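Novice:
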Amino acid sequence: MIKVDLKGTVKEFEAGVSAAEVAKSIGMGLYKSACAAKVDGQVCDLRTVLDKDCALEILTFADEEGKHAFWHTAAHVMAQAIQHLYPEAHFGIGPALESGWYYDIGGVKSFTPDQFAGIEAEMKKIAKADLPVEKRIITVEEGRQIFAGQPYKLELLEEYAEKGWELSVYQQGDFVDLCAGPHLMSTGAVKAVKLTQATSAYWRGDSNRDSLCRMYGIAFPKASELEEYLKQQEEALKRDHNKIGRELEYFTTVDVIGQGLPVMLPNGARAIQLLQRWVEDTEQKRGYLLTKTPLMAKRDLYKISGHWDHYLDGMFILGDPHDETKECFALRPMTCPFQYQVYLNRKRSYRDLPMRLGETSTLFRNEDSGEMHGLIRVRQFTISEGHIVLRPDQLEEEFRGCLELAKEMLDTLGLGEDVSYRFSQWDPNRKDKYEGTAEQWEEAQGLMKKILDHLGLEYKVGIDEAAFYGPKLDIQIKNVFGKEDTLITIQIDMLLAQKFGMTYVGEDGQEHTPYIIHRTSIGCYERTLALLLEKYAGALPTWLMPTQVEIIPITERQHAYARELHNKLEAAGIRVDTDYRSEKMGYKIREAQLKKIPYMLVVGDKEMEEGLVAVRARKEEKGGVMTPDAFIGQILTEIATKER
C-alpha cells in the first residue's frame with residue numbers, strides 16, 4: 001500500500017494505481033473533468049502509475065496546467081484532422097499556449113480561413129469517436145519507421161536521441177506524434193473547437209529553413225465556454241493596439257522595410273519620447289548615470305559575455321560568424337557587455353559602489369517570424385535598460401530599489417494592477433543552456449528567493465526561464481487576447497563580472513568581484529505603448545497624449561481668437577492643434593472624439609466676445625465654460641500629476 005496526499009487529505013491505495021483511478025475513487029465528476037495530474041509537483045498524465053508515497057493533485061480545465069494538457073491534445077486532434085484531409089502534410093511542432101495552441105505544418109500551401117470549417121468538422125468527428133490517447137516509449141529505430149516521410153519529426157527524433165532524452169509517442173487512432181505530453185485520456189473531451197488564424201513561420205525559427213504554415217486554434221470542454229471566449233475576443237479586437245495604433249496613426253508597417261520593424265508615426269514617436277523623458281528624469285533622481293554605447297560590436301565582445309555561445313541564433317550578424325579569419329560584427333541584443341566598459345574605464349573602489357548605469361537602448365533580436373505582433377514583439381525596439389554594479393552587502397537594498405522603481409512606473413501608468421510576478425530559475429537538467437556551476441546557481445537563486453520572500457512578493461516559479469547567466473524576477477502582463485509577455489525584468493548576475501575582469505578594491509585593500517543587477521524600469525517602450533493603447537482603448541492619459549487639446553472655431557470669424565488661444569496654450573507647454581477647416585462644428589467635434597483627444601475648446605461669437613472657452617472633455621466633470629487661464633491651470637495640474 002502507498003499513501004497519497006490529496007491536498008492535505010491522505011488516502012491509501014495499492015501500489016501501481018494510476019492517477020486516473022485515484023480521481024475516479026474520489027468521484028466520477030472529478031474523473032470526467034480531469035485533464036492531467038501533478039505528482040510531487042510535476043505535471044504528468046492521468047495514466048501515470050503511482051508506486052510510492054506521493055502528493056497528488058488532479059488537474060481540471062480550471063487549472064492552468066489542465067488547460068495546457070487539454071489544448072495539447074486538441075492540437076493533436078487538429079493535426080490528425082489535417083492528416084486525414086491533406087495526406088501530404090508534414091508536421092513540425094504543436095505546443096499548447098497560454099490560450100489555445102499552434103501547429104507548424106509543411107508540405108501544404110498555407111491554409112486560408114475558408115478551409116477552417118472543413119478541418120473543424122473533421123476534428124469534431126475525431127472527438128465524437130472518443131479515441132483513446134495512448135503513450136508508449138520507443139527506440140530511435142522504431143521512431144525512424146513510425147515517422148518515415150515526416151522530415152521534421154525525424155529531425156527532432158535524431159536530436160532528442162543525441163541528447164539522451166526519453167523518446168515517447170502518443171497515438172490516437174491512426175495518428176502518432178513524437179511528444180512528451182501530458183495529454184487527455186481520450187479525444188472525446190475536445191468538443192468545442194475553433195481555428196483562429198493561419199500564419200507563416202520558419203522551421204525552428206531559422207529564415208534559411210522551410211517556411212511552414214502555423215495553424216492556431218482554441219478548444220473548450222463546453223460550447224458555452226467557446227461562445228463566451230469568442231465574445232471576449234470580439235471585444236479584444238476593438239482594443240487591439242494593432243488596430244487602434246494604426247487607426248490613430250501611432251505606427252505603421254511596410255513590407256519593403258520588413259516584419260517586426262514598425263515605423264513610428266509622429267503620434268507614436270511623441271508618446272515614446274514622453275515616456276523616455278519621464279523615465280530618464282526619474283532614474284537620474286535615483287542616482288543613475290546616463291550612458292550611450294554602440295549599437296554593434298565585434299564578436300569578441302559577445303564571446304566574453306557568452307552571448308555568442310548561448311544567444312547566436314537570436315542575433316543579427318554582420319559577416320560570417322564561422323570564419324575566424326575575418327572581422328565579424330553583430331547588432332546588440334542587449335546592452336550589458338557595453339555598459340560594463342564604463343565600469344572598466346578605470347580602477348574602482350568600494351566607495352564607488354553601487355554604480356547605477358542607465359541607458360535608453362536600441363536593441364535588435366532575431367525573433368521568430370511567427371511570433372511578430374504589432375508593437376508587442378518586434379525585431380528592433382527601445383528599452384529602459386540599466387545595470388547596477390554593487391557589493392554583495394548592497395544586493396537586497398538595490399534589488400528593492402529596482403522593484404520599487406518598476407512599481408512606481410507601473411502604478412503611474414495604470415498597469416500595476418494588471419501584472420504578475422515570476423521567479424525565473426534555471427533548469428539543472430539543461431546545463432548546456434546556462435553559464436556557471438550548480439553551486440553558483442543555487443547561491444544566486446537562494447539569494448533571490450530570500451530577497452523576494454523578505455519583500456513579501458507573491459510570485460510563481462518558472463523553471464528554465466532564467467537568463468543564461470542568472471535568475472531573474474519577470475514582471476508579466478497579458479495583452480487583450482490573453483497572451484502573456486514579460487514587461488519588466490530584474491536579474492541577479494554573479495557570473496559576468498568575473499568574465500569581464502570587473503573588480504573593486506575593498507575596505508581591506510584587496511580586490512573583490514562585484515555582483516551585477518540587470519534591470520529595466522519600464523521595459524520595452526514599444527511594448528509598453530501597445531499595452532497602454534489597449535488598456536485605454538487609445539484614450540491615453542492626458543500627459544501622454546500626442547495632442548492634448550483641439551481648438552474648434554465655429555466659423556471663420558473666430559479664427560483670430562483661436563490663433564490667440566493656440567499660441568497661449570502652446571506657450572504654456574500644452575500640445576495643441578486647431579481645426580480651421582470649413583466643416584460643420586458637429587463633424588469637427590466627432591473627428592476630435594475619434595482621435596481620443598482629451599479636450600476640445602469650442603469657440604463661437606459669445607466665447608470670443610467674453611474671452612472664454614467652451615470646454616468639451618473626455619471626462620465630463622472637467623468640461624464647462626471657463627476662462628483660458630482657468631483651463632490652462634486645470635490641464636497643467638492634470639499633466640503634472642500624471643492623472644489617469
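Numbering follows the UniProt record's numbering, with no gaps: position 534 of the sequence shown is 534.
Idealized CB from N, CA, C, for every residue including glycine.
Note that the coordinates shown come from a computational prediction; the quantities given were computed from them, not determined experimentally.
#1: Which residue's Cα is closest to the Cα of M448: F70, Y515, G506, L415?
#2: For the segment 290-302 against the segment 316-336, are there 3 or more C-beta pairs whose distance is under 8 Å?
#3: Please name the residue or residues paired with L289 in a DSSP beta bridge.
#4: Near Y561, what residues of its chain come up, given a Cβ to Cβ distance below 8 Å and the 5 sequence neighbours on each side ignored?
#5: Which two residues bound the contiguous alpha helix (DSSP H) that contains C402?
#6: Taking the alpha-carbon positions, what's the A438 to E134 distance?
#7: Alpha carbon to alpha carbon, what distance is there between L375 and N208?
#8: Among the residues of its own chain, which have a CB less than 7 Å from the CB of Q83, if the five just before and after it don't count?
#9: Count the other CB atoms within 10 Å of the CB of I463; is the residue buried (16 or more) or exposed (fewer)?
#10: In the DSSP output, which residue or residues are listed as bridge partners for G624?
#11: Taking the straight line between their C-alpha atoms, what separation do you get for L473 and L85?
#12: Could you spell out the range, first to last residue, of the alpha helix (DSSP H) harbouring H566?
#13: Around the C-beta of V378, are 16 or more other C-beta atoms found within 10 angstroms, so that it is buried, or is it exposed?
#14: Of the choices E396, F468, G470, T513, whose alpha-carbon is the least far from that of G456?
#15: For D51 versus A15, is the C-beta distance shorter than 8 Å?
#16: Do I492 and I517 have their CB atoms nearer than 8 Å?
#17: Roughly how many whole angstroms lie between the Cα atoms of M78 and M123?
#18: Residue ranges of each alpha helix (DSSP H) run of no fewer than 4 residues wholly in the segment 217-258, ordered along the chain?
#19: When DSSP builds the beta bridges, which residues end up paired with S424?
#20: Considering only their Cβ atoms, is the gap separating A271 from L540 smaller than 8 Å?
#21: Taking Cβ to Cβ, would you say T528 is nearer than 8 Å to L363?
#22: So, with DSSP's three-state summary, where would you put M502?
#23: What first and last residue would you give for the beta strand (DSSP E) that runs through R519?
#24: Which residues does DSSP pair with E12 in a beta bridge?
#25: Would you say S200 and S349 are within 8 Å of each other, going by their C-beta atoms?
#26: Between the Cα of A640 and those of P628, E484, T486, T412, spot the shortest distance and give me the residue it belongs to.
#27: In the structure shown, what three-state DSSP assignment does I105 receive?
#28: Got a sec? Which residues, its chain only, sit under 7 Å from S211 by beta carbon, not counting five neighbours each side?
#29: So, under 8 Å CB-CB, R519 and G416 are touching, yes? Tell me the CB distance rounded to an integer number of Å.
#30: Locate the alpha helix (DSSP H) running through D605, then write down its first and last residues.
#31: What first and last residue would you give for the alpha helix (DSSP H) that runs through P337?
#32: Give me the Cα-Cα distance between G69 and I488, rounded to the nearest whole angstrom.
#33: Between L131, T513, G27, T325, which lies nearest to M494 when the distance is taken from Cα to Cα?
#34: Going by beta carbon distance, what residues of the same chain come within less than 7 Å of Q259, once the five residues before and after it are set aside?
#35: Leaving out five residues before and five after W441 in sequence, what residues of the same chain have Cβ atoms less than 6 Å from its Cβ?
#36: On the criterion of 16 or more Cβ atoms from any shown chain inside 10 Å, does E359 qualify as buried, or is it exposed?
Specialist: Put simply:
#1: Selection F70, Y515, G506, L415 evaluated against M448 yields Y515 as nearest (Cα-Cα).
#2: yes
#3: L357
#4: P553, V603, E607, M608
#5: 395-413
#6: 36 Å
#7: If you take the alpha carbons of N208 and L375, they lie about 25 Å apart.
#8: A89, F175
#9: exposed
#10: V615
#11: 45 Å
#12: It spans 559-571 - the alpha helix (DSSP H) in which H566 sits, taken as one unbroken run.
#13: buried
#14: Ranking E396, F468, G470, T513 by Cα distance to G456 puts E396 first.
#15: yes
#16: Between I492 and I517, the gap from beta carbon to beta carbon is short of 8 Å.
#17: 6 Å
#18: Segments of the alpha helix (DSSP H) lying fully in the segment 217-258: 223-239, 241-247.
#19: G462, K472
#20: yes
#21: no
#22: Residue state, collapsed to three classes: coil.
#23: 515-524
#24: K3
#25: no
#26: T412
#27: strand
#28: S200, Y202
#29: About 17 Å; that fails the 8 Å criterion.
#30: 605-610
#31: 336-343
#32: It is worth fixing the name first, because residue 69 is Ala in this sequence and not Gly. Their backbone Cα atoms lie some 29 Å apart in a straight line.
#33: For the residues L131, T513, G27, T325, the minimum Cα distance to M494 belongs to T513.
#34: S369, M372
#35: Excluding positions up to five away in sequence, the list reads W426.
#36: buried
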